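Using numbering that gives the first Met the number 0, the letters of the first sequence correspond one by one to residues 0 to 568.
Using N, Cα and C, we set each Cβ at its ideal position, and we do this for glycine too.
In this text the structure is predicted, and so the values were computed from the model without any measurement.
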Amino acid sequence: MILDRLNKKLVEVVKNKAAEKSVEISEEILNQIYFEINDEESHGDYSTSCALKLAKTFSMNPREVAESLVEHLTLPSIKSLAVEGAGFINVYLTSNEKSLLLKEIVKLDSEWGKNEKNKGKILIEFVSSNPTGPLHVGHGRGAILGMALSNLLENSGYKVTKEYYVNDAGRQISILISSILVKAYIKNFNIDGMYEGSYIHELAQEFSKDHGKVDIALKSEELSDDKEKALDQISEYFQTNHANEWEAAKNFSVANILDTIKQELHSFDIVHDNWFHESSLGSIQDSDSDLSKSLSAIEKAGHTFSRDDAIWFRTTEFKDDKDRVLLRENGEPTYYLTDVGYHKNKIDRDYDLCINIFGADHHGYITRLTAAFDVMKSKEQEIEFMLYQLVNLYEDGNKRAMSTRKGEFYSLEELRKELGPDVIKFFFLEKKSDHPMDFDINLAKDESKNNPYFYSQYAHVRCCSILTKKNFDPDIQVDDKEIEKNFDIVNKLLNFPHFLERYTDERSPHSLVHYVKDLSAAFHTFYEQNPVINDEEKIENSRLLLTLATRVVLANSFRILNVKPLEKM
RNA sequence: GCGCCAGUAGCUCAGCUGGAUAGAGCAGUAGCCUUCUAAGCUAUUGGUCGGGGGUUCGAAUCCUCCCUGGCGCGCCA
Numbered sequence: 000m001i002l003d004r005l006n007k008k009l010v011e012v013v014k015n016k017a018a019e020k021s022v023e024i025s026e027e028i029l030n031q032i033y034f035e036i037n038d039e040e041s042h043g044d045y046s047t048s049c050a051l052k053l054a055k056t057f058s059m060n061p062r063e064v065a066e067s068l069v070e071h072l073t074l075p076s077i078k079s080l081a082v083e084g085a086g087f088i089n090v091y092l093t094s095n096e097k098s099l100l101l102k103e104i105v106k107l108d109s110e111w112g113k114n115e116k117n118k119g120k121i122l123i124e125f126v127s128s129n130p131t132g133p134l135h136v137g138h139g140r141g142a143i144l145g146m147a148l149s150n151l152l153e154n155s156g157y158k159v160t161k162e163y164y165v166n167d168a169g170r171q172i173s174i175l176i177s178s179i180l181v182k183a184y185i186k187n188f189n190i191d192g193m194y195e196g197s198y199i200h201e202l203a204q205e206f207s208k209d210h211g212k213v214d215i216a217l218k219s220e221e222l223s224d225d226k227e228k229a230l231d232q233i234s235e236y237f238q239t240n241h242a243n244e245w246e247a248a249k250n251f252s253v254a255n256i257l258d259t260i261k262q263e264l265h266s267f268d269i270v271h272d273n274w275f276h277e278s279s280l281g282s283i284q285d286s287d288s289d290l291s292k293s294l295s296a297i298e299k300a301g302h303t304f305s306r307d308d309a310i311w312f313r314t315t316e317f318k319d320d321k322d323r324v325l326l327r328e329n330g331e332p333t334y335y336l337t338d339v340g341y342h343k344n345k346i347d348r349d350y351d352l353c354i355n356i357f358g359a360d361h362h363g364y365i366t367r368l369t370a371a372f373d374v375m376k377s378k379e380q381e382i383e384f385m386l387y388q389l390v391n392l393y394e395d396g397n398k399r400a401m402s403t404r405k406g407e408f409y410s411l412e413e414l415r416k417e418l419g420p421d422v423i424k425f426f427f428l429e430k431k432s433d434h435p436m437d438f439d440i441n442l443a444k445d446e447s448k449n450n451p452y453f454y455s456q457y458a459h460v461r462c463c464s465i466l467t468k469k470n471f472d473p474d475i476q477v478d479d480k481e482i483e484k485n486f487d488i489v490n491k492l493l494n495f496p497h498f499l500e501r502y503t504d505e506r507s508p509h510s511l512v513h514y515v516k517d518l519s520a521a522f523h524t525f526y527e528q529n530p531v532i533n534d535e536e537k538i539e540n541s542r543l544l545l546t547l548a549t550r551v552v553l554a555n556s557f558r559i560l561n562v563k564p565l566e567k568m
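What follows is the structure, given as structure tokens:
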């Protein structure tokens, strides 16, 4: 890549200069010796401010430093170099170099933008919503983010495993099963806190069809006034008196709801490689289970203590505000311990990096999970978190009301049926994830340039439409002037791999969306001002080259964003 | 009270590992269709980057204090 060559050369020249002057350049400054990509033609294709940073070390003024570096910065692809402003060095590439690079893009096609620089194994966990109901819009944001980030990471060489953690044990699941059994067998019985909604009704109906009549002796009058206690009493009742039905209902409902979730994710082209069940972590009684292994790992490291008959993890040693219980007074593991056990399992599967995508309301969890991870991990393993905030739906300028009378969030399925999956993906990815988002439904439905999704797709469609009429011919000469005329578009296309690298390192898929919008805008401008199909063969072929390269880059970007590029509209 | 995230144009947001005049879209204003889809393009109006200090050649970007908003602070999951 041209930028890599430039940077290598620059560092070499700077080091020579330092040797000549017998001065030492600090590591910190050395890391700042590089060229940046310009988005404005006035400063050339690339520029560096390294002369300003080196001024002190070299005890010269910045412009002098720049001048002395420029003398030695010669490469065949460079047309000219200039020292401008306070001491910036600007590089102008030859237009012939640009033409050659564009031809390279076209040749590489879907490979353009990929790199193999990174070798690590990454586990990325996302969605992981409880199998107690359908996905809501907020889950959708996490799902879409996770998928795009996975694609970005894979694109730059990482080996990525996408995983969904299924909370198929614990109290919420018990309440779900109770809710279904109650709905199936008892009339007019309702406790605050039980799951509701049409899906519960349907599951109950289907379950009772398969399992015939069951006599239930449970009476609401006998339950505690405390609704939380009452919920547990119901679970207990079923588990002792109707153990078979309980087991059956559990398997049936979890499988069913999980299936619904999986289908919804599939309609967004989101596919996990692995569905990890909480129940597979085993029990604390089994010393070979992940649960037990994780607990003893922390104990062995000397970070636990006993208090009130519970076992605690001294997480305050890891900047947590309070210590955390791992094993409860009653001998049962806390939710925290199961999560620690899950992460022990991830560690043992030998990933270099574990990325967790969490709803921002779970951010309080980061410190304690990191603490456990750091205690249990081996060598250079790392953990990283990405948070996503709420999505507010707006329509006609008003916030759209919550979906159900229970104040639940809008379901993802409803939104998808209203808008289609791809526009939702594009909109969700456009905003930084760790920021609450206002989603404008009217805008998402709009089919004009106001809607960035359509605007970007339309650029791709225009490329395709031209290319069906005539295609770029590599055997016909290209007019370098035509290439040079279109700085914006060429600059974006040539540096695509660098941009992707940055977005990967920054974990910022939203930047890729902005890139796509910018490239689309540059292409629309080009389209209006440069009729591609043309009598001048060389000019036509040059414009076809630009069109084809744009189509390649837009398609590759859409692929990473997990959005299907349209060829016709 | 403590912690995390944020406050940039009328609106929705980029820019934040410090760099050359703070960007885009919408909304506003003025233009462009016998020509590859006008589902588009061009020009233009609009900002003491929440406020005060500091660090330096240089701060929207780093540090610090304050103000405002969102979220979180269970032997729940």
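- Rounded to the nearest whole angstrom, the CA to CA distance from Thr239 to Cys353 is 40 Å.
- The three-state secondary structure of Trp111, taken from DSSP, is coil.
- Taking a C-beta distance under 9 Å as the contact criterion, Leu560 and Leu428 qualify as a contact pair.
- Take Thr47, set aside five residues on each side of it, and the residues of its chain with a beta-carbon closer than 6 Å to its own are Phe34, Ile88, in chain order.
- With respect to the C-alpha of Ala248, the residue from Asn189, Leu290, Ser286, Gln204 having the closest C-alpha is Gln204.
- One Cα belongs to Asp319, the other to Thr366, and the distance between them is close to 6 Å.
- In the DSSP assignment, Gly358 falls within the unbroken beta strand (DSSP E) covering 352-358.
- Look at Glu535 here: in three-state DSSP terms it is coil, with no helix or strand label.
- Burial state of Ala242 is exposed, judged by a 10 Å Cβ sphere holding fewer than 16 other Cβ atoms.
- The C-beta separation of Ile382 from Phe372 comes to about 4 Å, placing the pair in contact by the 8 Å criterion.
- Straight-line measurement puts the Cα of Leu92 at about 49 Å from the Cα of Leu368.
- When DSSP reads this structure, His276 sits in a beta bridge with Val165.
- The beta carbon of Ile172 sits closer than 8 Å to those of Asn129, Pro130, Thr131, Asn166, Lys249, Val253, all from its chain and outside the five residues before and after it, given in chain order.
- Bounds of any alpha helix (DSSP H) do not take in Ala300, whose DSSP letter is neither H nor E.
- Comparing alpha carbon positions, the residue from Trp311, Glu96, Pro508, Glu220 closest to Ser432 is Pro508.
- Judged by DSSP in its simplified three-state form, Thr47 adopts strand.
- By the 16-neighbour rule on beta-carbons within 10 angstroms, Ala18 is exposed.
- When secondary structure is reduced to three states using DSSP, Pro332 falls in the strand class.
- Here Asn189 is exposed, its C-beta having fewer than 16 other C-beta atoms within 10 Å.
- According to the DSSP assignment, Ile310 belongs to the beta strand (DSSP E) that extends over 309-312.
- Separation of the CB atoms of Ser519 and Ala458 is rounded to 4 Å, and the pair is thereby assigned contact status at 8 Å.
- According to the DSSP secondary-structure assignment, Glu35 is paired through a beta bridge with Ser46.
- Rounded to whole angstroms, the gap between the alpha carbons of Cys463 and Glu23 is 54 Å.
- With 16 or more other Cβ atoms from the protein chains shown falling within 10 Å of its own Cβ, Lys182 counts as buried.
- In this structure, Ile123 is the residue among Glu39, Val10, Ile123 with its C-alpha nearest to the C-alpha of Arg506.
- Just measuring C-alpha positions, the residue of Ala216, Ala548, His200 sitting nearest Ser109 is Ala548.
- The bridge partners DSSP lists for Asn397 are Glu394.
- Cβ contact annotation for Ile174 (same chain, cutoff 6 Å, sequence separation greater than five): Leu230, in chain order.
- Taking every protein chain shown into account, the CB of Phe275 has 16 or more other CB atoms within 10 angstroms, so this residue is buried.
- The continuous alpha helix (DSSP H) containing Ile482 extends over residues 479-484.
- The criterion of a C-beta distance shorter than 9 Å is satisfied by Leu499 and Asn114.
- Asn449 and Asp439 have their C-alpha atoms some 12 Å from each other.
- Under the criterion of beta carbons closer than 8 Å, Gly43 and Arg62 do not qualify as touching, at roughly 16 Å.
- Collapsing the DSSP output to three states places Val126 in coil.
- The Cβ atoms of Phe206 and Leu222 lie no closer than 9 Å to each other.
- In the structure shown, Ile215 falls within a coil segment according to DSSP collapsed to helix, strand and coil.
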